[in-house]
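Heads up, the thing below is written out as structure tokens.
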Amino acid sequence: MDTQAVWSEIQRLSGGRPLTVSLSGGNPAIQDFGPLIQQGKAEGYAFACETQGSIAKPWFADLAMLVLSPKPPSSGEDMDWKAFDACLNVRPAQAVLKIVIFDDTDFNWARSVTDRYPDLPLYLQPGNRSGQPG
């Protein structure tokens, strides 16, 4: 979808009443949401984004909230702290950490992340490997 199609859907779903739009799912930083955010902000909408912190985008600075959710050790992915720091360099006034915890190693890693970024509030989310509800 192009920016105008996404914007039209946001307006339809919100009834044209400004609200906060959350950009998440996969890694939204691979998209160029800059034009959408600018259009929405001009009409009173706010935007939040949740991303793993692997790609920094200039439009992060225009967000009302940036949630950085780095992949914990249980993901098997290597953490690129340089890329994560680049995200923090363009962050908006409000930014938080969210880390999904699957095991004790992830929990201890989350503690070390808090030590590394003491100015960022930290939210922990329990992980579920089953993928099945209930």
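Letter by letter, the sequence shown follows residues 0 to 133 of numbering that gives the first Met the number 0. Even for Gly, the Cβ is constructed at its ideal location relative to N, Cα and C.
{"Query": "3 or more residues per run - each beta strand (DSSP E) lying fully within the region 50-98", "Result": "64-67"}
{"Query": "7 angstroms CB neighbourhood of G75 in its chain, flanking five on each side removed", "Result": "none"}
{"Query": "Opposing strand residues paired with A45 [DSSP bridges]", "Result": "T19"}
{"Query": "Whether A94 touches K56 by CB criterion (8 angstroms)", "Result": "no"}
{"Query": "Residue burial classification, G43 (beta-carbon count within 10 angstroms, cutoff 16)", "Result": "exposed"}
{"Query": "Same chain, Cβ closer than 8 angstroms to P160, neighbours up to 5 away in sequence not counted", "Result": "No answer is possible for residue 160: the residues shown for the chain start at 0 and end at 133."}
{"Query": "For K40 and D61, believed in contact at Cβ under 8 angstroms, the rounded distance", "Result": "7 angstroms"}
{"Query": "Assumed close pair S111, D79 - CB separation to whole angstroms, cut-off 8 angstroms", "Result": "Incorrect: roughly 16 angstroms between the Cβ atoms, too far for contact."}
{"Query": "In DSSP terms, what Y122 is bridged to", "Result": "K97"}
{"Query": "Distance between L12 and L18 (C-alpha atoms, nearest Å)", "Result": "10 angstroms"}
{"Query": "Selection from S23, Q30, G25, D118 that minimises the alpha carbon distance to M0", "Result": "Q30"}
{"Query": "Pair within 8 angstroms by beta-carbon distance, S21 and A4", "Result": "no"}
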